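*Asks:* Pasting a structure here, questions to come.
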Amino acid sequence: MKAAIWHGKKDVRVEEAALPVISAGKVMIQTAWAGICGSDLHAYHHGMGIPVEHVHPLTGQKAPMTMGHEFSGIVTEVGEGVTGIQPGDRVAIEPLVYCGECEYCKKGHYNQCLSVGFIGLHANGGFAEYVVVEPKMVHKLPENVTLEEGALVEPAAVALHAVRESKLQVGDKVAVFGAGPIGLLTVLAAKAAGASEIVVVDVSQERLEKAKVIGASHIVNAAEVDTVSTILALTDGIDVAYEAAGAQPTFTNALSVTKKGGQVMVIAAFAKPVEIDLFQMMVKETSVAATLAYRHIYPEVIRLIASKQMDVAQVITKKIDLANIVEEGFELLLTDKTQAKILVNTNG
Ligand SMILES: [Zn+2]
Ligand SMILES: [Zn+2]
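For what it's worth, full-length UniProt numbering labels the leading residue of the sequence shown as 1, then goes sequentially.
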């Protein structure tokens with residue numbers, strides 16, 4: 001089968017790989033669509049995330065590694081002892097790997113597992129024609145959810161988890177910093193959660209126009225206007241600011257536009273530490289919180305997609321074939337800031 005395999009920084013090759021072998025208690029998936037994520041770009045451009053020296057403690061795998069953690073597909077085979085999943089099921093994959101035994105897993109917070117990992121970073125992933133996964137990772141899609149939408153369940157789960165973990169109340173005013181795929185999906189999640197006004201901040205006018213189409217009440221181009229005074233003039237202050245950009249200026253601005261008692265919820269992965277004005281936080285009694293991935297939320301995300309309350313297909317800006325993932329995916333996303341989610345056809 002064809003697979004996009006990470007060998008090192010700037011070295012991803014689409015090559016022939018052995019079909020994965022199914023064993024008892026496992027599920028074989030023929031993949032359909034897989035999204036390219038910011039963390040895939042970190043792995044490609046900076047070599048971040050994929051174990052090179054030591055194998056992952058739970059998966060026993062290290063580079064070379066097949067990438068891809070946001071994917072959908074069709075079940076082709078189930079191993080002995082697997083119940084409730086049949087060949088032919090259309091599914092979205094929840095890619096988290098966790099031990100089930102540590103303190104955090106025991107209380108159900110498996111995204112905080114001491115050995116947490118992801119299929120596509122710590123085990124062979126979805127940028128391949130076939131992948132073998134555990135039954136707990138398999139979530140069936142109802143008939144009115146497409147396989148393309150199925151590939152968006154994972155990033156939508158990131159956004160919905162952040163919104164559900166935030167202080168957002170129905171009727172609140174929110175700001176979303178960063179109109180990339182996660183920012184756009186956060187707009188959809190905040191809208192579904194009852195935000196009354198949603199301000200979206202970015203430096204790309206194209207991305208901002210997209211945000212407007214999917215439900216932003218106001219768009220602010222940080223390259224053209226003063227972000228903080230513009231947002232304060234529009235809203236009199238923000239209840240919850242979602243940081244989906246991951247840089248010092250966006251974080252500082254997110255804190256500055258927040259009302260007293262408000263919150264900054266960090267969703268972006270920051271590559272560097274940031275400075276934080278704790279005195280301002282104190283005076284405003286603001287809180288800063290952060291989330292990693294999600295837990296126990298795929299069924300809710302799939303229902304919100306099925307009921308059209310989260311129309312996730314709107315964030316897709318391009319579809320490419322697996323063979324072209326490097327040039328038309330990883331390389332393009334670095335230069336073309338008009339792109340949001342690029343989906344890869346993994347069985348074209
Ligand atoms: Zn992702
Ligand atoms: Zn654990």
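All C-beta atoms in this analysis are idealised placements derived from N, C-alpha and C, irrespective of residue type, glycine included.
Since the model is a prediction, treat every value here as computed from it, not as a measurement.
My assumption, with CB atoms under 8 Å, is that Leu-234 sits in contact with Val-199. Please give the rounded CB distance.
*Replies:* Right, their Cβ atoms sit about 6 Å apart.
*Asks:* If you draw a straight line from the alpha carbon of Gly-81 to that of Lys-26, how long is it in whole angstroms?
*Replies:* Their backbone Cα atoms lie some 9 Å apart in a straight line.
*Asks:* Going by C-alpha distance, which of Tyr-104, Lys-318, Phe-71 and Met-65 is nearest His-7?
*Replies:* Out of Tyr-104, Lys-318, Phe-71 and Met-65, Met-65 has the C-alpha closest to the C-alpha of His-7.
*Asks:* Cβ of Ser-39 versus every heavy atom of ligand 1: is any distance shorter than 7 Å?
*Replies:* Yes.
*Asks:* At a cut-off of 7 Å, is Glu-70 close to ligand 1 when judged by its beta-carbon and the heavy atoms of the ligand?
*Replies:* Because some heavy atom of ligand 1 lies under 7 Å away, the Cβ of Glu-70 counts as near it: yes.
*Asks:* Which residue marks the beginning of the beta strand (DSSP E) containing Gln-61, and which one marks its end?
*Replies:* Segment: none, Gln-61 is in no beta strand (DSSP E) and carries neither H nor E.
*Asks:* Is there at least one non-hydrogen atom of ligand 1 closer than 7 Å to the beta-carbon of Gly-328?
*Replies:* The sequence given here places Glu at residue 328; Gly does not occur at that position. Checking every heavy atom of ligand 1 against the Cβ of Glu-328, none is found closer than 7 Å.
*Asks:* Pick out every residue whose C-beta is nearer than 5 Å to a heavy atom of ligand 2: which are they, in chain order?
*Replies:* Qualifying residues come out as Tyr-98, Cys-99, Cys-102, Cys-105 and Cys-113.
*Asks:* So what does DSSP say about Thr-235, is it helix, strand or coil?
*Replies:* Here Thr-235 sits in helix by DSSP.
*Asks:* Between the Cα of Gly-84 and those of Glu-224, Val-138 and Asp-277, spot the shortest distance and give me the residue it belongs to.
*Replies:* Answer by Cα proximity: Val-138.
*Asks:* DSSP on Asn-345, reduced to helix/strand/coil?
*Replies:* Of the three classes helix, strand and coil, the one that applies to Asn-345 here is strand, per DSSP.
*Asks:* Does the separation of the CB atoms of Leu-141 and Ile-316 fall below 8 Å?
*Replies:* Going by C-beta atoms, Leu-141 is not nearer than 8 Å to Ile-316.
*Asks:* Nearest-angstrom Cα distance between Asn-347 and Val-145?
*Replies:* For Asn-347 and Val-145, the distance between alpha carbons rounds to 19 Å.
*Asks:* Looking at Ile-297 and Ala-157, is the spacing between their C-beta atoms short of 8 Å?
*Replies:* In this structure, Ile-297 lies closer than 8 Å to Ala-157 by Cβ.
*Asks:* Classify Pro-181: buried if its beta carbon has 16 or more other beta carbons within 10 angstroms, exposed otherwise.
*Replies:* When all chains shown are included, Pro-181 counts as buried.
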